[in-house]
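In what follows, a single structure is set out as C-alpha coordinates and then discussed.
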(Lines of atoms letter the chains of each structure in order from A and count residues from 1; the text may use other names and numbers.)
(Lines give C-alpha, C1' and ligand atoms only; values in the text may rest on other atoms or scores of the structure.)
Protein backbone atom coordinates (compact mmCIF):
# COMPACT_ATOMS: atom_id res chain seq x y z
CA UNK A 1 0.00 0.00 0.00
CA UNK A 2 1.25 3.45 -0.95
CA UNK A 3 2.19 5.73 1.97
CA UNK A 4 0.00 8.74 1.10
CA UNK A 5 1.35 10.94 3.88
CA UNK A 6 4.88 10.34 2.60
CA UNK A 7 3.80 11.43 -0.89
CA UNK A 8 2.45 14.70 0.53
CA UNK A 9 5.52 15.23 2.72
CA UNK A 10 7.87 14.81 -0.25
CA UNK A 11 5.75 17.02 -2.53
CA UNK A 12 5.60 19.76 0.10
CA UNK A 13 9.36 19.59 0.63
CA UNK A 14 10.06 19.66 -3.10
CA UNK A 15 7.71 22.57 -3.62
CA UNK A 16 9.74 24.46 -1.05
CA UNK A 17 6.83 25.23 1.24
CA UNK A 18 8.92 24.57 4.32
CA UNK A 19 11.43 27.33 3.60
CA UNK A 20 11.42 30.11 6.19
CA UNK A 21 11.85 32.73 3.49
CA UNK A 22 10.12 31.79 0.29
CA UNK A 23 11.28 34.78 -1.62
CA UNK A 24 13.92 37.42 -1.67
CA UNK A 25 13.18 40.09 -4.23
CA UNK A 26 15.63 42.96 -4.49
CA UNK A 27 16.47 43.54 -0.82
CA UNK A 28 13.06 42.53 0.54
CA UNK A 29 12.70 39.15 2.27
CA UNK A 30 9.17 37.76 2.16
CA UNK A 31 8.02 34.81 4.27
CA UNK A 32 5.74 32.16 2.85
CA UNK A 33 2.80 33.51 4.88
CA UNK A 34 3.48 37.04 3.66
CA UNK A 35 3.58 35.84 0.04
CA UNK A 36 0.14 34.23 0.56
CA UNK A 37 -1.19 37.49 2.03
CA UNK A 38 0.14 39.53 -0.92
CA UNK A 39 -1.43 37.04 -3.34
CA UNK A 40 -4.85 37.23 -1.64
CA UNK A 41 -4.84 41.03 -1.50
CA UNK A 42 -3.74 41.21 -5.14
CA UNK A 43 -6.56 39.02 -6.43
CA UNK A 44 -9.30 41.02 -4.65
CA UNK A 45 -10.35 44.64 -4.94
CA UNK A 46 -9.74 46.42 -1.63
CA UNK A 47 -10.62 43.48 0.65
CA UNK A 48 -11.14 44.01 4.36
CA UNK A 49 -8.59 42.62 6.78
CA UNK A 50 -11.22 40.12 7.96
CA UNK A 51 -11.89 38.85 4.42
CA UNK A 52 -8.21 38.12 3.74
CA UNK A 53 -7.63 36.58 7.19
CA UNK A 54 -10.63 34.27 6.65
CA UNK A 55 -9.49 33.32 3.14
CA UNK A 56 -6.13 32.25 4.60
CA UNK A 57 -7.62 30.58 7.68
CA UNK A 58 -5.65 32.86 10.01
CA UNK A 59 -6.82 34.32 13.29
CA UNK A 60 -7.12 38.11 13.13
CA UNK A 61 -4.42 38.77 15.76
CA UNK A 62 -1.72 36.81 13.91
CA UNK A 63 -2.92 38.28 10.62
CA UNK A 64 -2.76 41.86 11.99
CA UNK A 65 0.89 41.34 13.01
CA UNK A 66 1.73 40.11 9.50
CA UNK A 67 -0.06 43.11 7.96
CA UNK A 68 1.87 45.49 10.22
CA UNK A 69 5.13 43.94 8.98
CA UNK A 70 4.02 44.30 5.36
CA UNK A 71 2.98 47.93 5.98
CA UNK A 72 6.41 48.63 7.55
CA UNK A 73 8.08 47.09 4.47
CA UNK A 74 6.04 49.46 2.31
CA UNK A 75 4.21 46.65 0.49
CA UNK A 76 0.66 46.99 1.84
CA UNK A 77 -1.55 50.00 2.51
CA UNK A 78 -4.19 49.84 5.25
CA UNK A 79 -7.10 52.25 4.80
CA UNK A 80 -10.01 52.75 7.23
CA UNK A 81 -13.47 52.65 5.64
CA UNK A 82 -14.97 56.16 5.75
CA UNK A 83 -18.38 54.79 6.88
CA UNK A 84 -16.88 52.55 9.61
CA UNK A 85 -13.39 53.51 10.74
CA UNK A 86 -13.05 50.24 12.71
CA UNK A 87 -12.90 48.32 9.40
CA UNK A 88 -9.73 48.50 7.32
CA UNK A 89 -9.36 47.65 3.66
CA UNK A 90 -6.07 46.45 2.22
CA UNK A 91 -4.32 47.22 -1.02
CA UNK A 92 -0.86 46.70 -2.42
CA UNK A 93 1.51 49.60 -2.86
CA UNK A 94 3.40 49.87 -6.16
CA UNK A 95 6.30 47.99 -4.54
CA UNK A 96 3.87 45.40 -3.11
CA UNK A 97 2.35 44.85 -6.55
CA UNK A 98 5.84 44.43 -8.04
CA UNK A 99 6.77 41.86 -5.35
CA UNK A 100 3.46 39.95 -5.76
CA UNK A 101 3.85 39.88 -9.56
CA UNK A 102 7.48 38.75 -9.30
CA UNK A 103 6.59 35.91 -6.89
CA UNK A 104 3.69 34.87 -9.15
CA UNK A 105 5.95 34.84 -12.21
CA UNK A 106 8.61 32.77 -10.41
CA UNK A 107 6.11 30.22 -9.11
CA UNK A 108 4.53 29.88 -12.56
CA UNK A 109 7.98 29.46 -14.12
CA UNK A 110 8.74 26.74 -11.56
CA UNK A 111 5.45 24.96 -12.26
CA UNK A 112 5.96 25.23 -16.03
CA UNK A 113 9.37 23.58 -15.64
CA UNK A 114 7.90 20.78 -13.50
CA UNK A 115 5.05 20.19 -15.98
CA UNK A 116 7.50 20.20 -18.89
CA UNK A 117 8.50 16.67 -17.81
CA UNK A 118 4.94 15.45 -18.48
CA UNK A 119 2.85 14.87 -21.55
CA UNK A 120 -0.10 17.21 -22.06
CA UNK A 121 -2.43 14.40 -20.95
CA UNK A 122 -0.43 13.81 -17.73
CA UNK A 123 -0.39 17.55 -16.98
CA UNK A 124 -4.18 17.82 -17.46
CA UNK A 125 -4.69 14.71 -15.30
CA UNK A 126 -2.58 16.16 -12.48
CA UNK A 127 -4.38 19.52 -12.64
CA UNK A 128 -7.81 17.82 -12.65
CA UNK A 129 -6.72 15.69 -9.69
CA UNK A 130 -5.49 18.71 -7.72
CA UNK A 131 -8.81 20.49 -8.39
CA UNK A 132 -10.71 17.42 -7.20
CA UNK A 133 -8.54 17.13 -4.09
CA UNK A 134 -9.09 20.84 -3.28
CA UNK A 135 -12.87 20.43 -3.68
CA UNK A 136 -12.89 17.38 -1.40
CA UNK A 137 -10.70 19.15 1.17
CA UNK A 138 -13.21 22.03 1.21
CA UNK A 139 -16.02 19.55 1.99
CA UNK A 140 -14.05 17.65 4.64
CA UNK A 141 -14.95 18.07 8.29
CA UNK A 142 -11.29 17.73 9.33
CA UNK A 143 -9.47 19.62 6.60
CA UNK A 144 -7.57 22.74 7.43
CA UNK A 145 -8.16 22.42 11.15
CA UNK A 146 -5.61 21.31 13.74
CA UNK A 147 -5.81 17.55 14.25
CA UNK A 148 -4.80 17.74 17.91
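In full-length UniProt numbering, the protein residues as written are 1 to 148. Beta carbons are placed, not taken as given, at the ideal position from N, Cα and C, and that holds for glycine.
If you draw a straight line from the alpha carbon of residue i to that of residue j, how long is it in whole angstroms?
i: residue 94; j: residue 125; result: 37 Å
i: residue 45; j: residue 80; result: 15 Å
i: residue 60; j: residue 43; result: 20 Å
i: residue 122; j: residue 5; result: 22 Å
i: residue 54; j: residue 109; result: 28 Å
i: residue 63; j: residue 74; result: 17 Å
i: residue 58; j: residue 82; result: 25 Å
i: residue 133; j: residue 107; result: 20 Å
i: residue 136; j: residue 1; result: 22 Å
i: residue 119; j: residue 9; result: 24 Å
i: residue 11; j: residue 101; result: 24 Å
i: residue 13; j: residue 68; result: 29 Å
i: residue 84; j: residue 50; result: 14 Å
Cβ of residue i within 7 Å of Cβ of residue j?
i: residue 37; j: residue 66; result: yes
i: residue 25; j: residue 99; result: yes
Could you give the C-beta distance for residue i and residue j, rounded to a whole number, given that I count them as a contact under 8 Å?
i: residue 41; j: residue 52; result: 6 Å
i: residue 141; j: residue 88; result: Not confirmed; about 32 Å, so no contact.
i: residue 92; j: residue 78; result: Actually they are not in contact, since the Cβ atoms of residue 92 and residue 78 sit about 11 Å apart, beyond 8 Å.
i: residue 96; j: residue 114; result: About 27 Å separates the two Cβ atoms, so there is no contact after all.
Give the single residue among the options whose Cα lies nearest to the Cα of residue i.
i: residue 72; options: 28, 57, 88; result: 28
i: residue 105; options: 35, 55, 120; result: 35
i: residue 111; options: 9, 139, 15, 64; result: 15
i: residue 103; options: 39, 7, 138; result: 39
i: residue 138; options: 116, 56, 3; result: 56
From what residue to what residue does the beta strand (DSSP E) around residue i run?
i: residue 31; result: 28 to 31
i: residue 86; result: 84 to 92
Over what stretch of residues does the alpha helix (DSSP H) that includes residue i continue unbroken?
i: residue 73; result: Here residue 73 belongs to no alpha helix (DSSP H), and DSSP marks it neither H nor E.
i: residue 13; result: 4 to 15
i: residue 59; result: No alpha helix (DSSP H) contains residue 59, which DSSP labels as neither H nor E.
i: residue 129; result: 120 to 139
When you measure from the CB of residue i to every non-hydrogen atom of the ligand SAM, does any distance come out below 6 Å?
i: residue 8; result: Ligands are entirely absent from the displayed structure, and the ligand SAM is therefore not among its contents.
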